[in-house]
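In order, the protein sequence lines correspond to chains A and B. Once you know that position 191 of the first sequence is 200 in our numbering, the rest is easy, because the numbers rise by one and skip nothing. Once you know that position 46 of the second sequence is 27 in our numbering, the rest is easy, because the numbers rise by one and skip nothing. Quick reminder that beta carbons are idealized off the backbone N, C-alpha and C, glycines included.
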Amino acid sequence: MKSLKPAILYLDDEVNNLTGFKATFRRDYTIFTAQTAEEAFKILKENDVQIVISDQRMPEITGAEFLKSVFENHPKPIRMLLTGFADIESVIKAINEGHVYRYITKPWEEQDLRLTINNALNFYEAQNELRNRNAELEKAYTELEKFVYSASHDLRAPLASVMGLVQLAKIDTDTDRATCMDYFLKIESSVNKLDVFLQNIISYYRNTKLTEERVEINFEKLFKETIESLEHFEKAPQIKFSIDIRQDKVFKSDESRLKIVLNNILSNAIKYQRDDESNKQVDLKAIVENGHARIEVKDNGIGIAPENKENIFSMFYRSAAKNAGSGIGLYIVKETLTKMEGDISVDSAPGEGSKFTIKIPNHHENN
Amino acid sequence: MKTTDQPLVMLIDDNAMDIFVGKKFLTVSGITNNIITFQSAREALDYLCQYENEPDKLPSLILLDIQMPEINGFQFLELFKNIPADTQEGVKIIMLSSTLDPVDIERANAEPHVLDILKKPLDPVMLKMLLLQNKISKAA
C-alpha cells in the first residue's frame, strides 16, 4: 500500500471545480471525482480511499449530510468539507455529525490545501496504525486468556496429584519401605510432568525473544542428542529409533530453534505409541536438498484422525487420545517454524502411525 | 464380594495418578472399599448402560473429573441424562477440578445430580461430611 499513491475522493456538483482539483493534484495523489453522492458511494465501495472531500452546497444533499453518511458506512477515510463561505452552522454540524477532520474555505490556495491533505494523510496513517495495533492486542489478549485457562489446569493438575500423594502418605498407616517408594515414584512422575510443561513454556517464551543464529547443523548429532534428552519418557526404552541422513552439502540453520521443533515432534512420537504394538518404532530422516532440508519423523503409534489434522497445530488443542499432553507442543512447533520460514505437514492414519515432515531453508551461502 | 454397608463409588478420571489417590483416600478414610474406576467417561457410560437393570452394580456416588480429553465431565453429565431415569435416580455426582473455575462452579451447581464441586486433591474429611449429609454413607 505504501508504494501506491494515496487516493482522494472529491464530490462536487460543479464539473469545473472537479477538473481544477484533479489537474492540480493528480500527480501526487490518485484522484477520484464524483458529481453525485451515489457516484461517490460507488467509488468508495470499489476503491481504497484515504481522504474524502465534499463540497457543502449541492442540490440533492449537503456536504455535511453526505459526510455523515460516509462516516457511518465507511469510517476509515478522513473526511473534509469545502465551504464556499464561512457557513459556520453547517461546518459545526458537519464536524459533530460527520466527524469531519477539517473544513476548507473556497476558493482554496494550492499550498494550503496540499498541506491540509498531507496532514490528513498523516492522521489517516496514525489511525490505521492504531487500528492494527488494537487488532494485534486483541489477538494477544485472547491468546493470553486461553493460555491462562489451560495453563492453570496444566500447572495445577500435577501439583494437585502430588499434594494428594503427600497427604495420603501421611495418613496411610501401613507404610513399609516398598509403599513409601511407590509414593515417591508417583510423586516423581507427577513432578516430571509439571517440569516438562514448564520447560515447554520457557522454550516458547525464548522462541519469541531469540534472535536468529545460523550455524552448521550436524543432523546425526542433533538427532542423537534429542533422543537422549527424552530417555526419561516412560515409553522411550521400548522404542527402536533409526536415523537416516542424506546430505552432500553444508546445511546452516538456527540450531536452538531446530532443537525446540525436534524435541516436541519426537516427544509426541514417543508419547503416542500404541501399547499393544510390540515393535515400537520411530524413524528419523534428514535430507538436504536444493535450498532446504527436509526432516521426517515417522512413528507407528496411535496416529491422528483425519478430522483432527487441521487442529493439531492450534494452541491447546488436544487430540481425543487418552494420554493427551498439554496441547502446547505442536503450537510451539508451528510458531517456531514460522519464525524460521519453515513449514510442517503431517501424514497419518489412525492406528498405523504418523509422519511429520518439516522443511526448513538452508542459510549456507552456496546451498 | 459385595460389602453391603459400604456404598459403591465410581471414580472417573483420565489421570491414573489421581485415580490411585482417590481410591486410596476412600479406603484409608474408611468411606468405602467398594470402588470401581474408569480412565475415560466413555468406559464409565458403557458400564452404566450395561448394568442399568442391576441396581446393586450401580454406584451411589460418582466422583467425576471435569478436565478430561474426548468426553469431559460436563459432557458426561449430558450423556448421563440419556440413560433410563430410574438408573439415574440413586446416583449422586461430585465433580472434581484442579482449578475450580467460577464458570465451572456455576455450571456444576445448576446440575440436578451434582451434589457439589470439589477442588483436587480430594479432602477426605470434607468428602466424608458431604456423604453423611446426603445419607450416602452411614455414620459409624
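Below the 7 Å Cβ cutoff, chain B contributes PRO102 as neighbours of MET172/A, in chain order. With a threshold of 8 Å between beta carbons, MET107/B makes no contact with chain A. Contact annotation for ILE180/A against chain B: VAL9 [CB-CB distance below 7 Å, chain order]. Within the same chain, Cβ atoms closer than 7 Å to the Cβ of ASP96/A are found at GLN65, the five residues on either side in sequence being excluded. Inter-residue distance for LEU77/B and GLN256/A is about 53 Å (C-alpha atoms, whole angstroms). Scanning LEU124/A, ARG140/A, THR71/A for the CA closest to the CA of GLU106/A turns up THR71/A. Sixteen is the threshold: since fewer than 16 other Cβ atoms of the shown chains lie within 10 Å of the Cβ of MET107/B, the residue is exposed. With respect to chain A, the C-beta atom of PHE19/B has no partner C-beta closer than 8 Å. Beyond the five residues adjoining it in sequence on each side, VAL(-10)/B comes within less than 8 Å, by CB distance, of LEU7, ILE12, THR13, ASN15, ILE16, ILE17, PRO40, SER41, LEU42, ILE43, LEU44 in the same chain, given in chain order.
Residues of the same chain with a CB within less than 7 Å of the CB of HIS372/A, apart from the 5 flanking positions on each side, are ARG223, LYS261, SER262 in chain order.
In the structure shown, LYS85/A adopts coil according to DSSP, grouped into three states.
When DSSP reads this structure, GLU298/A sits in a beta bridge with HIS301/A. With a cutoff of 8 Å on beta-carbon distance, LEU81/B and LYS109/B are scored as not near each other.
Of all C-beta pairs linking the segment 274 to 286 of chain A to the segment 227 to 243 of chain A, three or more are shorter than 8 Å, placing the two stretches in contact.
Per the coordinates, the alpha-carbon of LYS230/A lies some 12 Å from the alpha-carbon of ASP253/A.
Contacts with chain A at 8 Å (Cβ-Cβ) do not include SER41/B. With a contact defined as Cβ atoms closer than 8 Å, LYS73/B and LEU103/B miss out at about 15 Å. Residues of the same chain with a CB within less than 6 Å of the CB of LEU53/A, apart from the 5 flanking positions on each side, are HIS83 in chain order. At a cut-off of 8 Å between beta-carbon atoms, MET(-2)/B makes contact with chain A. Check the Cα spacing between LYS14/A and each of GLU23/A, PRO68/A, ASN127/A, GLU74/A: the tightest is with ASN127/A.
Of all residues in the segment 270 to 288 of chain A, none has a C-beta nearer than 8 Å to a C-beta of chain B. Its chain contains LEU26 as the residues whose beta carbon lies nearer than 6 Å to that of LEU60/B, once the 5 sequence neighbours on both sides are disregarded; these appear in chain order. Under the Cβ criterion of 8 Å, THR68/B is not counted among the residues facing chain A.
Excluding the 5 residues flanking it on each side, TYR38/A has same chain C-beta neighbours closer than 6 Å at LYS14, PRO15, ILE17, in chain order. Partner residues in the beta bridge of LEU91/A, as assigned by DSSP, are ASP64/A, ILE113/A. For TYR214/A, the number of other beta carbons within 10 angstroms of its own is below 16, and it is reported as exposed. Proximity of chain A to THR80/B at the Cβ level (cut-off 7 Å) is accounted for by SER161, HIS162, ARG165, in chain order.
Relative to the Cα of THR68/B, the nearest Cα in the group ILE47/B, LEU113/B, CYS30/B belongs to CYS30/B. When 7 Å is used as the limit between beta carbons, SER199/A is near these residues of chain B: MET(-2), in chain order. Under the three-state reduction of DSSP output, SER251/A falls in the strand class.
Of the candidates ASP356/A, LEU168/A, ASN227/A, PRO167/A, the residue whose Cα lies closest to the Cα of GLU316/A is ASP356/A. For VAL2/B, at least one C-beta of chain A is nearer than 8 Å to its own C-beta. In its chain, beyond the 5 residues on either side, ASN216, ARG266 have a beta carbon closer than 7 Å to the beta carbon of LYS348/A. Among the residues facing chain B, ALA187/A is not included, as its CB has no counterpart in that chain under 8 Å away. Rounded to the nearest whole angstrom, the CA to CA distance from ASN141/A to LEU27/A is 33 Å. For ALA169/A, the C-beta contacts it makes with chain B under 7 Å involve SER79, LYS101, PRO102, in order along the chain.
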